[in-house]
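One structure is given here, and the rest of the page talks about it.
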Amino acid sequence: MNRLIARAAAAVLWLGFAWPTAHAADALNGKSLYLNGPVSGGASCASCHGPTPANNVNGILAAANQPSVISSAFAANRGGMGSLFNGKFSAAELADLAAFIGNPNVTAAPAASLAPATLTFNGANIGVTSAPLAATLTNTGNAALNIGTISIGGAAAADFARSGGSCANGASIAAGASCTVQASFTPTAAGARAATLTITHNATGGSSAVALNGTGNATPQATIALSATSVDFGTLLIGTPSAVSTITVSNSGQAALNFSGITIGGASAAIITRGGSCAVGTPVAAGANCTVTVQATPASAGAVAASLTLASNASNGASVAVSLGGTAAAPAPALTATPSAVAFGAQTVGAAAVTQSVTLVNTGNVAITFSSIGVTGSSAVTLSANTCGTTLAVGTNCVATLRFAPTAEGAVSATLAVASNAPALQVGVTGTGTSQATAKPALSETGPIVFADTQVGSSATAHTTTLSNSGNAALKISTLTLGGNQPGDFVVGGNCVANASLSSGASCTITTAFKPVAAGARSADLLLVTDGGAQFHLTLNGNGVAVAVGTPSLGINPQSFDYGTVTIGGTAPTRRFTLTNTGSSALALSSATFSGPFAAVSDSTGCAAFPFTLQAGASCDLVVRYTPASAGVSNGNATIQSGSSSWSIALSGQGAAAAPEVAPSNRGGGGCSASQDVTDPTLAALLVLSLIVIGWRRRNRGGEK
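Numbered according to mature numbering (1 follows the signal peptide of the UniProt record, and there is no 0), the sequence shown spans residues -24 to -1, 1 to 681.
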C-alpha cells in the first residue's frame, strides 16, 4: 500500500509541477565525475565506493540510473557525503553519475545524426543546375565518427550530384563536431524526381541517408554562349585584308535560338566584312552552334574600333556584343640583327675554324625581300651558312653563320652586309690571329631561346645552354650579363659565372628562365664575353599573359518558374533564383522590376538591395514571392538591369479561392485526455489517487501529534 501511495504521490507531483527539460545522460562524463570528483575539485566517489560501481561498495548500485537517490543521500549527509558534495554537482551531472553507476562498463562510441532528413529542390528547367542545398552530419557520440563513402542512388540518381561541402570519403569527425554535404539538382526529365544521398560510417546502423526531391520544369528556353567576347586584328596594313576571325555562337539551352539582328557598328564598321553561318531567320537548335566571321580591310592608318552585336531570344541576354579592334599602319619594312657586332677574339693561326651566328629578324609589317647577304673586308671571315633564302615573313627570323680562320697573326676586321627592301644592314666582325695556344669557346646553341607563354608573375620552365672549351688553353668568362629590351623579365643561373675559368676540354652550363612582370611580347639579350675577346649573344623571347578581363555576363538559375496552385490570402510561396556573374569583371546590377503578382523579398541570406555589385564568379539568390489576388492563371516577369543590358525571368502561377471554413470541434473536452468525449477514465483515476495521498498525509500528521 505504501508503494502504491508513493507512486500516486509521484503522479500527483508530476501532474502538479513543471519539470525541467529531460537531460540525455552521458555515462562517460559520469565516469569522469565518479573517478575524479566534481569539476570544481574535491573528493571523488571512487575514494569511498571503490574504482568501479560494479563492486557495490556501500550499496552504491541503489543509485543506478536514479539521480534522485544520489541527491537524497547528499541531502541526508549519508556517510558524510553532504558535506563533501552538496551544491557541487548540477542536475545534469547527477544524471550522468547515475547513468555510469547503472552502466559501469560504458565505452566511447560515435553516434551519427544527419539533418535535415529531406532536401527538397524547387523546380528547375531540364538540363539547368539548381542552387545547392546542404545537409549536416553531426557526431553526437563520444568517439570519432569515420566516414566511409558518400554516394547518391535511386531511380533519378543521375538528376542529383554532390556539389561541395566539408564531408569527404574517409574523413574523421571528432565527437561533437560536424560536417556538411552539398547536393545540386539538374533534372533530365519533367516531373517529380527523387533519389537518396547515403553516407556510410562506423556508428550504429552503419549509414545515414537524406532523401533528395526535385521537380523538372519542362519550360524550354534558349541560352547563348560565345567563343570570344573580343577580336583583336593586331597590326594591319592599309589596303590589305586581315586574317579572318571566327566567333562560334552556341545554344546551351533547351529551345531554338532565333536571331532578330546581327549587325556591325562603331567608328570602323565600314571596313569590317561579316560572314559565317549565323543568320536572322535561321534558328540554332538546342545544343547546336553557328559561326560569325569578321575581316578588316583598313583604308587609313590608326586604331580600328567596331563591335559585332547579336540580338536574339536568349534568356541570358537579348543582346550580346563582341568588340573588334586593331591598329592600321602604312607598309614599313624593317630588319634587325642580333648580335649587332661579332667578336671572335684570339684564334690560333692554322687551327680549326670557329663559327658564330647572326640572327636576322623581320621587325617591320611587310615581308623582307633579300637582294644580297655577304662578307666584305677580310678573307679570314667567310659566310659558311645562310638560312635566309630570298624572303622573310613578318615576325620571323633567319640565321647567317660566320666562319673565322686566321691565316696570319694580327687583328682582323670584316663586315656582314645585308641588302634588302629594308634599310641597309651591316654587322661588324672582329678577330685576332695568333701563334699562341688559345681557348676555343663555343655555345651549344645559337638561339633564339623561346619560352612558353607565361602568366605574369609566374615562371616558365628553365632552359639550359652549355659553354664548352675545345681549345688548347684555358679561358676566363669576363662578362655574363642580360641586356636588351626587358632584361628584368628573365633570370640567369647555372655554374657559368663571371670571372670563372674553364680549362681546356671542360664545359659549364647557363640556365635561363622567363618570369614576366608585364603582359605582351618580352625579350632580352644574353651577352657572354671571354678574356680572349670572343663574344656570344643569345636572344631570349617570351610572351607574358595577363588575367583576361571579359565582358560581364549574368547567369540566372532557373530562368523561369511556375509556382503552381496557391490559395488567395494564404501563405505566399517564395522561390530563390541564383544570379551568377559568369564574366571575369565586376557586374553592377542597377535594378530589378516585376510585373504581375510577383515581388522581391528582403532576405538576409539573399542578394543585397539593388543597386549592388556582383563580383566576377560570385553568386547570390534573388528571392521572389507569389501573392495571387484573384483566381486563375498569373503570368509575369522579373527584369534585372545592368547599364544597357537586361535579363528576364518568366514567372507563372495559379490563384485559387480559399476553401470554406469548418467549425472547430473540441471532441476531447479540452486539455490532455485519453478519451474522445468528456468522460475520461484517466482523470477519474488520477482524482482517486489524489484523495488517497491527501488522506495518507493527514493520518501521518495526526500520528505525529
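The C-beta atom is built at its ideal place from N, Cα and C for all residues, glycine as well. Values in this document were obtained by computation on a predicted structure and should not be read as measured data.
As assigned by DSSP and simplified to three states, the class of residue i
{"i": "C484", "result": "strand"}
{"i": "A639", "result": "The predicted model places A639 with a pLDDT of 48, which falls under 50 and marks its position as unreliable; any figure quoted below should be read in that light. DSSP places A639 in coil when its eight states are reduced to three."}
{"i": "G78", "result": "helix"}
{"i": "F466", "result": "strand"}
{"i": "K452", "result": "strand"}
{"i": "V525", "result": "In this prediction, V525 has a pLDDT of 45, which is less than 50 and means its spatial position is unreliable; what the coordinates show is noted afterwards. Here V525 sits in coil by DSSP."}
{"i": "A85", "result": "coil"}
{"i": "A564", "result": "strand"}
{"i": "G35", "result": "helix"}
{"i": "F346", "result": "strand"}
{"i": "G190", "result": "strand"}
{"i": "V405", "result": "strand"}
{"i": "S206", "result": "strand"}
{"i": "C596", "result": "strand"}
{"i": "T248", "result": "The sequence given here has Ile at residue 248, not Thr. DSSP places I248 in strand when its eight states are reduced to three."}
{"i": "S142", "result": "coil"}
{"i": "D501", "result": "strand"}
{"i": "D2", "result": "coil"}
{"i": "C254", "result": "coil"}
{"i": "F427", "result": "coil"}
{"i": "S417", "result": "One point to set straight first is that residue 417 is Pro, not Ser, in the sequence displayed. It is a strand residue."}
{"i": "F61", "result": "helix"}
{"i": "N265", "result": "strand"}
{"i": "D579", "result": "coil"}
{"i": "G278", "result": "strand"}
{"i": "D72", "result": "helix"}
{"i": "G56", "result": "helix"}
{"i": "C364", "result": "coil"}
{"i": "S8", "result": "helix"}
{"i": "D135", "result": "helix"}
Beta-bridge pairing of residue i - partner residues as DSSP gives them
{"i": "Y602", "result": "F574"}
{"i": "S127", "result": "T174"}
{"i": "C155", "result": "L113"}
{"i": "S148", "result": "N122"}
{"i": "F50", "result": "F50 is not bridged to any residue."}
{"i": "residue 692", "result": "Lying outside -24 to 681, the shown extent of the chain, residue 692 is not represented and no answer is given."}
{"i": "I544", "result": "The partner list for I544 (beta bridge, DSSP) is empty, contrary to what the question assumes."}
Rounded straight-line distance, which links the Cα of residue j to that of residue i
{"i": "G644", "j": "G26", "result": "The pLDDT assigned to G644 is 39, lower than 50, so where the model puts this residue is not dependable; a value taken from the coordinates is nonetheless given after this. Approximately 54 angstroms, taken between the alpha carbons."}
{"i": "T487", "j": "A84", "result": "60 angstroms"}
{"i": "T125", "j": "N101", "result": "30 angstroms"}
{"i": "D656", "j": "I532", "result": "Legend: pLDDT at D656 = 47, less than 50; position of this residue unreliable, value from coordinates given subsequently. Near 59 angstroms, if we compare the C-alpha coordinates of I532 and D656."}
{"i": "A165", "j": "A171", "result": "14 angstroms"}
{"i": "R54", "j": "S183", "result": "47 angstroms"}
{"i": "L502", "j": "V370", "result": "24 angstroms"}
{"i": "T224", "j": "A264", "result": "10 angstroms"}
{"i": "A144", "j": "R601", "result": "36 angstroms"}
{"i": "S206", "j": "A272", "result": "14 angstroms"}
{"i": "G321", "j": "G353", "result": "17 angstroms"}
{"i": "residue 687", "j": "A88", "result": "Shown here, the chain extends from -24 to 681; a query on residue 687 therefore has no answer."}
{"i": "A384", "j": "A522", "result": "55 angstroms"}
{"i": "V15", "j": "S66", "result": "10 angstroms"}
{"i": "D507", "j": "P424", "result": "24 angstroms"}
{"i": "residue 714", "j": "G496", "result": "This structure gives no information on residue 714, because the portion of the chain shown stretches from -24 to 681."}
{"i": "V403", "j": "G460", "result": "17 angstroms"}
{"i": "residue 718", "j": "A438", "result": "Here the chain has residues from -24 to 681 only, and residue 718 is not among them."}
{"i": "G526", "j": "A131", "result": "With a pLDDT of 47 at G526, under the threshold of 50, the predicted position of this residue should be treated as unreliable, though the coordinate-derived value follows. For G526 and A131, the distance between alpha carbons rounds to 41 angstroms."}
{"i": "residue 741", "j": "G520", "result": "Absent from the model: residue 741. The displayed extent of the chain is -24 to 681, so no value can be given."}
{"i": "G242", "j": "P274", "result": "14 angstroms"}
Supposed contact pair residue j and residue i - C-beta distance, whole angstroms, cut 8 angstroms
{"i": "V375", "j": "L392", "result": "The pair is not a contact, with the Cβ atoms about 12 angstroms apart (cut-off 8 angstroms)."}
{"i": "L212", "j": "G302", "result": "5 angstroms"}
{"i": "L95", "j": "V186", "result": "6 angstroms"}
{"i": "A634", "j": "G546", "result": "7 angstroms"}
{"i": "A564", "j": "P587", "result": "7 angstroms"}
{"i": "L202", "j": "I248", "result": "The pair is not a contact, with the Cβ atoms about 17 angstroms apart (cut-off 8 angstroms)."}
{"i": "G99", "j": "W623", "result": "Not confirmed; about 19 angstroms, so no contact."}
{"i": "A198", "j": "N178", "result": "Rounded, the Cβ-Cβ distance is 50 angstroms, inconsistent with contact."}
{"i": "L113", "j": "S148", "result": "The pair is not a contact, with the Cβ atoms about 12 angstroms apart (cut-off 8 angstroms)."}
{"i": "G117", "j": "P80", "result": "About 19 angstroms; that fails the 8 angstroms criterion."}
{"i": "V432", "j": "A494", "result": "6 angstroms"}
message: Under 8 angstroms, with one C-beta from each stretch per pair, do the segment 414 to 432 and the segment 392 to 404 reach the 3-pair mark?
response: no
Touch test, the segment 221 to 237 against the segment 254 to 269, Cβ-Cβ under 8 angstroms, three pairs minimum: yes
- prompt: Do the segment 40 to 51 and the segment 66 to 79 touch if we need at least three Cβ pairs shorter than 8 angstroms?
  reply: yes
- request: Would you check if there are 3 or more beta carbon pairs closer than 8 angstroms linking the segment 154 to 165 to the segment 103 to 114?
  value: yes
query: Using 8 angstroms as the Cβ pair cut-off and three pairs as the minimum, do the segment 472 to 485 and the segment 435 to 454 touch?
result: yes
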